[in-house]
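Asks:
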Amino acid sequence: MSCIKNKIVLTGVAFCGFMALFSSTSAAIFDTEDPMYFEQARDFTIRGGLSFGDDILDVGLKAAYGINDIFVFGTTVKYQQDFNDERDYDGFSYFGFDAMYRMSNGAVKSDLFGGIKVSGDADPRFDKNIYFGGVRIGRSWDWVTLSGALKSSWIFDELNGMAWIDIMPDIYFRLSSNWRIGLGADFRKSTNPIFDTTIVNAKLVRQYGRTQYVGFGEYDFEQNNMKFGTRVNISF
Numbered sequence: 150m151s152c153i154k155n156k157i158v159l160t161g162v163a164f165c166g167f168m169a170l171f172s173s174t175s176a177a178i179f180d181t182e183d184p185m186y187f188e189q190a191r192d193f194t195i196r197g198g199l200s201f202g203d204d205i206l207d208v209g210l211k212a213a214y215g216i217n218d219i220f221v222f223g224t225t226v227k228y229q230q231d232f233n234d235e236r237d238y239d240g241f242s243y244f245g246f247d248a249m250y251r252m253s254n255g256a257v258k259s260d261l262f263g264g265i266k267v268s269g270d271a272d273p274r275f276d277k278n279i280y281f282g283g284v285r286i287g288r289s290w291d292w293v294t295l296s297g298a299l300k301s302s303w304i305f306d307e308l309n310g311m312a313w314i315d316i317m318p319d320i321y322f323r324l325s326s327n328w329r330i331g332l333g334a335d336f337r338k339s340t341n342p343i344f345d346t347t348i349v350n351a352k353l354v355r356q357y358g359r360t361q362y363v364g365f366g367e368y369d370f371e372q373n374n375m376k377f378g379t380r381v382n383i384s385f
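So the sequence shown is numbered by the numbering used here: it starts at 150 and just counts up by one.
(1) When you compare the segment 202-211 with the segment 180-191, are there three or more beta-carbon pairs, one atom per stretch, that lie closer than 8 Å?
(2) Write down the C-beta distance between K266 and N254 rounded to the nearest angstrom, noting that I regard them as a contact closer than 8 Å.
(3) Measuring CA to CA, which of V381, D237, F377 is closest to Q356?
(4) Is the distance from the Cβ of V197 to the Cβ of L210 below 7 Å?
(5) Let me check understanding here. Comparing Cα to Cα, which of K227, A256, T347 lies closest to E367?
(6) Could you compute how far the alpha carbon of G119 sits from the alpha carbon of Y243?
(7) Look at I194 and S384 and say whether their C-beta atoms are less than 7 Å apart.
(8) Going by DSSP, what residue range makes up the beta strand (DSSP E) through I348?
(9) Using a threshold of 7 Å, state whether the C-beta atoms of F179 and R251 are closer than that.
(10) Counting along the chain, where does the beta strand (DSSP E) carrying E182 start and finish?
(11) Please classify I343: does DSSP put it in a helix, a strand, or coil?
(12) If the criterion is Cβ atoms closer than 7 Å, does the pair M311 and N341 meet it?
(13) Could you please give me the residues that DSSP links to I205 through a beta bridge?
(14) Starting from Y214, follow its DSSP beta bridges and name the residues at the other end.
(15) Round the Cβ separation of I320 and V284 to the nearest angstrom and send it over; I've been treating them as touching at under 8 Å.
(16) CA-CA distance, F336 and S296?
(17) Which residues does DSSP pair with S268 in a beta bridge?
(18) Would you kindly check if the distance between the Cβ of G282 and the Cβ of S268 is under 7 Å?
(19) I need the DSSP call for V158, collapsed to helix, strand or coil.
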């Protein structure tokens, strides 16, 4: 009898372990906040959110579609409302188009990306189109993802032309199958020193199946400005 009981207990433990592993794996597949997340063929992701900082409310929507397992195309639109009476930055700040190519999909993953931000009728810092390109590289384990990205941006204009580089390290912890925490930074160096800055950020993520709810905050040391926001990511 004791032998039968032991077998039942072992079977139950094995089953629970299998279900936990399956749940964790399934959640990781749609972990759209992972800094190395990459849509697979025919995957469609929508990220919508809002943030507030420097008296400006930003509302944004980004859609990304996996053309195949190595190429993703995305588009972004951003609108802002300025509550500072001394400025007039209300309206669409930009429309964006970008693409990403997965160069390596082994233990260490790497991607190339590029795109354009088409200036709208309101932009607090730039009044010209922005072209950008870069590379990101990272590695994931069961409980953490480490990544870094190098991004270069350009504005082509005789009077206001400039360029800058962003170095962006990230660390992303999977606390459980449903909870995650992310920490990151953005070190920016520009041909116009006015725009040099360092930004640190943090986020808390709660996942329900194919949907993630995110709360985040960031601090800009150069502008001495804090920004807080939330977004929802949905995978189809």
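Where is the CB? At the ideal position from N, CA and C, for every residue including glycine.
A quick note: this is a predicted structure, and the numbers were derived from the prediction, not measured.
Replies: The structure says:
(1) no
(2) Stepping through the sequence shown from its first residue, residue 266 is reached at position 117. Stepping through the sequence shown from its first residue, residue 254 is reached at position 105. The Cβ separation is near 28 Å, so there is no contact.
(3) Mapped onto the sequence shown, residue 356 falls at position 207. Answer by Cα proximity: V381.
(4) What you label residue 197 is simply residue 48 of the sequence shown in a count that begins at 1. What you label residue 210 is simply residue 61 of the sequence shown in a count that begins at 1. A small correction: the amino acid at residue 197 is Gly; Val does not occupy that position in the sequence shown. Yes, Cβ-Cβ distance for G197 and L210 is below 7 Å.
(5) Counting from one through the sequence shown, the residue named residue 367 turns up at place 218. Among K227, A256, T347, the Cα nearest to that of E367 belongs to T347.
(6) Any property of residue 119 remains undetermined from this structure, which presents the chain solely from 150 to 385.
(7) Working through the sequence shown from its first residue, we reach residue 194 at position 45. Working through the sequence shown from its first residue, we reach residue 384 at position 235. According to the sequence as given, residue 194 is Thr; it is not Ile. Yes; because the gap between Cβ atoms is below 7 Å, this pair is in contact.
(8) In the sequence shown, residue 348 corresponds to position 199, counting from 1. Segment 346-357, the beta strand (DSSP E) holding I348.
(9) Your numbering for residue 179 matches position 30 in the sequence shown. Your numbering for residue 251 matches position 102 in the sequence shown. No, Cβ-Cβ distance for F179 and R251 is not below 7 Å.
(10) As a first step, residue 182 must be located in the sequence shown, where it is residue number 33. First-last for E182: undefined, no H or E at that position.
(11) Along the sequence shown, one-based indexing puts residue 343 at 194. It is helical.
(12) Taking the first residue of the sequence shown as position 1, residue 311 is located at position 162. Taking the first residue of the sequence shown as position 1, residue 341 is located at position 192. It is a contact, given that the beta carbons lie within the stated cut-off.
(13) One-based indexing of the sequence shown puts residue 205 at position 56. DSSP output for I205 lists G202, D231 as bridge partner(s).
(14) Here the question's residue 214 lines up with position 65 in the sequence shown. F193, F222.
(15) What you label residue 320 is simply residue 171 of the sequence shown in a count that begins at 1. What you label residue 284 is simply residue 135 of the sequence shown in a count that begins at 1. 18 Å between Cβ atoms; not a contact.
(16) Here residue 336 corresponds to residue number 187 of the sequence shown, with the count starting at 1. Here residue 296 corresponds to residue number 147 of the sequence shown, with the count starting at 1. Near 14 Å, if we compare the C-alpha coordinates of S296 and F336.
(17) Taking the first residue of the sequence shown as position 1, residue 268 is located at position 119. S268 pairs with Y243.
(18) Within the sequence shown, the letter at position 119 stands for residue 268. Within the sequence shown, the letter at position 133 stands for residue 282. In this structure, G282 does not lie closer than 7 Å to S268 by Cβ.
(19) To locate residue 158, count along the sequence shown from 1; it is residue 9. Residue placement at V158 is flagged as unreliable, the pLDDT there being 40, under the threshold of 50; the coordinate-derived value follows with that caveat. It is helical.
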